[in-house]
Amino acid sequence: MSRKNGKEKILFSHIRPKSAIAEAFRTLRTNIGFSSYSGANKIILTTSPAPDEGKSTVSANLAVVMAQARSRVLLIECDLRKPVLHQYFELDNRRGLTNLLVQDLAVEDVIQTTRVDGMHVITSGPIPPNPSELLASARMDEVLARVGEQYDVALIDAPPVIAVTDAALLAPRVDSVLLVLRAGSTRIEMAQEARNTLQNAGAKNIGVVLNIIKLHGGGYYNYYSYYGAKNQPVQEKTGVT
């Protein structure tokens, strides 16, 4: 697969803005806006119960459509174990979040521009030996406070909840969490375990994105999203069986 073709399969909202998939992400953007109150949803974390459920694709496309709505958006790669956002946006990853957390750098020193107007990215930087410790640090709190001042929305792409502790460490420090589930793949007990882990960690608002649903009669896969209250059972919000 060429880089161009790979990018087209991921950044639907940028490459194919009139597609049904891009429209689904705009619906997600709208639903997040409706759920906002008193300035909430300024910093949003995206995660999933397990790997390969599409959390990074959701993060990237949601950032794109938010920027297309004239918001000033920052996408932060907090998956310091298997980072991919630098590949999606074809960015240099020699310096990024890990450098910001351990070196005497300003946030502005590691922010990179993209081809999407109003959208910036902080890539992971070099993969560290201690991701959880870095993400739990006081320095990370400083970074989140700073980007909250500079941007309308900051989206954080975090590792899967069940695999490692990173997402749970970040969850209480953000305004909302998007839990990405893969239709026909994510087991309901895993979705519930992930939600419970996030709630126990102190996550304020948990929404669910049901990802990669085959449309009836369409013959192809698409994205569908839902953003809801954290206290409803997962199966009622997503229909996952």
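For the sequence shown, this note's numbering assigns the number 3 to the initial residue and increments by one for each residue that follows.
Built from N, CA and C at the ideal position, the CB exists for glycine as well.
Item                                                                                                                                                                                        : Value
Using DSSP with H/G/I as helix, E/B as strand and the rest coil, what is Asp168?                                                                                                            : helix
Return the Cβ separation of Ala62 and Leu13 in integer angstroms, given the expectation that the two are a contact with Cβ distance under 8 Å.                                              : 6 Å
By Cβ distance, which residues of its chain are closer than 7 Å to Gly150, with the 5 residues on each side in sequence left out?                                                           : Lys44, Ile45, Ala156
Identify the continuous beta strand (DSSP E) that holds Ser178 and give its terminal residues.                                                                                              : 178–184
Just verifying my parser: in three-state terms, what is the DSSP assignment at Val86?                                                                                                       : coil
Hey, Val2 and Leu181: beta-carbon distance below 7 Å or not?                                                                                                                                : For the chain, the structure presents residues 3 to 243; residue 2 sits outside this window and is missing.
Leu99: which of Asn132, Thr116, Ile78, Asp54 sits nearest, CA to CA?                                                                                                                        : Ile78
Can Met81 and Asp177 be called in contact, C-beta distance under 7 Å?                                                                                                                       : Checking the sequence shown, residue 81 turns out to be Asp, not Met. No, the Cβ-Cβ distance between Asp81 and Asp177 is not below 7 Å.
Classify Glu144 as buried or exposed, calling it buried when 16 or more other Cβ atoms lie within 10 Å of its own Cβ.                                                                       : exposed
Ignore the nearest five residues each way along the sequence and tell me which others in Ala173's own chain have a CB closer than 7 Å to its CB.                                            : Leu47, Val179, Leu200, Ala203, Gly204, Ala205
Would you mind stating whether Ala69 and Gly120 have Cβ atoms separated by less than 7 Å?                                                                                                   : yes
Tell me which residues share the same chain as Gln237 and place their Cβ nearer than 7 Å to its Cβ, disregarding the 5 neighbours each side in the sequence.                                : At Gln237 the pLDDT is 40, less than 50, meaning the model places this residue with poor confidence; the figure from the coordinates comes in the next sentence. Contacts found: Ile190.
As a quick exercise: from Arg31, Glu55, His16, Arg18, pick the residue whose alpha carbon is nearest that of Ala196.                                                                        : Glu55
Sorted by chain position, which residues of the same chain lie with C-beta nearer than 7 Å to Leu146's C-beta, five sequence neighbours on each side aside?                                 : Ile45, Arg175
Opposite Ile46 in the DSSP bridges: which residues?                                                                                                                                         : Leu157, Ser178
Which same chain residues end up closer than 8 Å to Ile129 when comparing Cβ atoms and leaving out the 5 residues on each side of it in sequence?                                           : Leu82, Arg83, Pro85, Thr100
Determine, for Thr199, whether the minimum Cβ-Cβ distance to residues of chain D falls below 7 Å.                                                                                           : Among the chains in the structure shown there is no chain D, since it carries only a single protein chain.
Given this structure, state the Cα-to-Cα distance separating Lys57 from Asp106, to the nearest angstrom.                                                                                    : 30 Å
Identify, in the order they occur along the chain, each residue of the same chain with its Cβ nearer than 6 Å to the Cβ of Thr167, setting aside the five sequence neighbours on each side. : Ser134
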